[in-house]
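Chemist:
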Amino acid sequence: MTTFGNDLTSGSIPKNLFRFAVPVFLANVLSSGYAIINTIWVGHLLGGVAVAAVAVTFPVVLLMVAIANGATTAASVMISHNFGAKNNDAIQKIVDTSWSVGIIVVIATCLSGYFGAETILRLMNTSNEVLAIATGFLRLTIIQFVFMYLGFMFSSTLRAVGNSKIPLMFTALGTVLNTILDPLMIIGVGPFPKLGLNGAAYASLISSGITAFIGFIYFWKKYNHTPLVPKSLTLTPVCVKQIFGIGFPTFIQQTIISLSVAFITVFVNNFGPDATAAFGIIGRIESMVIMPAIAMLVAVSTLTAQSIGAGKTNAIPVVYKWGLLINTPVIASICLVSIFFPAAVMRLFVTDPNVIAVGVQYLHIAGWAYILMVSIFVTNGVLIGAKKAMITMFFSLIALGFFRIPFAAFLSKTSLGLKGIWIAIAISFFINALLGFLYYISGRWKKGTQIPVSVNEALTVEAEVEGAEVVSNV
């Protein structure tokens, strides 16, 4: 029986959603602060070319996040299910396996990314001027993946058992360190050497490393006698199957998003460094817009998974409703600021008037579509919590692969130019929201939401149910 964590299936659903989502949101704000702070300092201290260098590496960063998030989300959903079912033995097997998988993933990602950095940037049609400084920056960012993955593991494990406050505290520590180190290492202050763009990467690397080390010590001391800490690095076959069954679609979905950004970046690069820099800043702005949406997704998916484990599936529609009601006014207000005060938003990141003008054009055309993120992320939260990650992957593939990229490629060659790319992005938001909503109201996500009791039966039957559901939806 579980003796740790918070049971989110007891008490008021809206209160539990709100109390869980707020720390996740604040952690996302601070986490995004790593990239946003880098962009602000780089934009004001080094100029447009350096901002463009950061921008072209952003799709690769998204890919690394996809890898980390895919594996850790899978483990989180599995832990939440069994936490709701009060099945500690199953949780231990899941944790042991997820850490073993994580070590393999980190080694493979860092080696391939570090040695392939320049090739990746060349494939993205990066100009020689930008490539000269972007390669070193990207390699340092890839090394940081080790600490990024550790942070994802700690956070997702604790959130799976209803604790979203501790991850917030460590994210805050990392952001404060990064804020202090950034200008010191970019321009060189006191004992710190002047490292230029690489200084921003070193600042993030050092701050995330210190945070991961402190988090590692805390996690082991606090939870050493619970199944949340790995007792052995083993690969339980059924757990591996489950991790890939849930994690692989999540990874593919986020990879599709990363590739979409990469393709759009290639199209945008054809319009010059100002357009590239503006699109990179837009990525930072959108990361702020989706933060409350992501927070609600995590809250909804956790409540959904715990409810399934506890046999309270009738609570899931209530979770969905309150997820929409809580998140709509928050994202709507951010959406309105982006639409009506776009220049002011852009000036937070850069002072170049040409870059600002391109960003303003984007926000006027696509800013309204941000409100659709409410539906997209709440729906995805239910589906991921119900182990229907494959479905969310298909929706992303359709919206991005069949609408955003082809439409952007075609419209950018017309008289619309850059405007055509922005229009394609807005259309893809609408398609994704529509597909998710239609699937939710169809009720097909409810299939296979029962959970068995015994450890081996729980893991085995879950794997079989997931596989059957994937086949039925292809």
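Residue numbers (the working numbering): 29 to 502. No residue lacks a Cβ here, since even glycine has one placed at the ideal position from N, Cα and C. Remember, predicted model here, so these are calculated numbers, not experimental data.
Over the uninterrupted alpha helix (DSSP H) stretch that includes Gln-172, give me the two end residues.
Modeler: Here Gln-172 belongs to no alpha helix (DSSP H), and DSSP marks it neither H nor E.
Chemist: Do you know how far the Cα of Ala-452 is from the Cα of Gly-445?
Modeler: Distance between the alpha carbons of Gly-445 and Ala-452: 11 Å.
Chemist: I'd like to check one pair, Pro-255 with Val-123: are the Cβ atoms closer than 8 Å?
Modeler: Against a cut-off of 8 Å, the Cβ pair of Pro-255 and Val-123 comes out as a contact.
Chemist: On the CB-based measure, 16 or more other CB atoms within 10 Å of its CB, does Val-89 come out buried or exposed?
Modeler: By the 10 Å Cβ count, Val-89 comes out buried.
Chemist: When DSSP labels each residue in this structure, what does Gly-39 get in the three-state scheme?
Modeler: Here Gly-39 sits in coil by DSSP.
Chemist: What are the start and end residues of each continuous alpha helix (DSSP H) run of 4 or more residues lying completely inside the segment 339 to 426, in chain order?
Modeler: Counting only runs of 4 or more, we get 344 to 368, 370 to 375, 381 to 394, 401 to 413, 417 to 424.
Chemist: Per DSSP, what kind of secondary structure is Ala-113 in: helix, strand or coil?
Modeler: Correct three-state label for Ala-113: coil.
Chemist: Compute the beta-carbon to beta-carbon distance between Leu-58 and Ala-200, rounded to the nearest angstrom, for a pair I have assumed lies under 8 Å.
Modeler: That pair is a contact at about 5 Å.
Chemist: Report back the beta-carbon spacing between Ala-323 and Asn-56 to the nearest angstrom; my notes put them in contact at under 8 Å.
Modeler: That pair is a contact at about 6 Å.
Chemist: Using three-state DSSP, classify Val-217 as helix, strand or coil.
Modeler: Correct three-state label for Val-217: coil.
Chemist: State the DSSP-derived secondary structure class of Leu-261, mapped to helix, strand or coil.
Modeler: Coil, per DSSP.
Chemist: Residues in the same chain with beta-carbon distance under 7 Å from Ala-240, minus the five sequence neighbours each way, listed in chain order, please.
Modeler: Correct list, in chain order: Phe-175, Leu-178, Gly-179.
Chemist: Check whether the Cβ atoms of Ala-360 and Ser-108 sit closer than 8 Å, and answer yes or no.
Modeler: Cβ distance not < 8 Å, so Ala-360 and Ser-108 don't count as in contact.
Chemist: For Met-316, I'd like the list of residues in its chain whose CB is within less than 8 Å of its CB, leaving aside the five on either flank, ordered along the chain.
Modeler: Counting only Cβ-Cβ distances below 8 Å, and skipping sequence neighbours, we find Val-57, Ser-60, Ile-64, Ile-362.
Chemist: Consult DSSP for Val-481 and reduce its assignment to one of helix, strand or coil.
Modeler: Note on Val-481: pLDDT 44, under 50, position unreliable in the model; no value is reported.
Chemist: Go through its chain and collect everything with a Cβ distance to Leu-463's Cβ below 6 Å, but skip five positions before and after it.
Modeler: Excluding sequence neighbours, Leu-463 sits near Phe-423.
Chemist: To test your reading of the DSSP string, which unbroken alpha helix (DSSP H) runs of 4 or more residues are found completely within the segment 75 to 112?
Modeler: Fully enclosed alpha helix (DSSP H) runs of 4 or longer: 76 to 112.
Chemist: Helix, strand or coil: which one does DSSP assign to Thr-154?
Modeler: Correct three-state label for Thr-154: coil.
Chemist: Would you check if the distance between the CB atom of Val-70 and the CB atom of Ala-305 is smaller than 8 Å?
Modeler: No, the Cβ-Cβ distance between Val-70 and Ala-305 is not below 8 Å.
Chemist: For the alpha helix (DSSP H) containing Trp-450, list its first residue and its last residue.
Modeler: Here the alpha helix (DSSP H) through Trp-450 covers 446 to 470.
Chemist: Between Leu-391, Ile-292, Val-365, which lies nearest to Phe-438 when the distance is taken from Cα to Cα?
Modeler: Nearest C-alpha to Phe-438: Ile-292.
Chemist: Would you tell me roughly how many angstroms separate the C-alpha atoms of Asp-35 and Phe-307, rounded to the nearest one?
Modeler: Spanning the two alpha carbons is a distance of roughly 42 Å.
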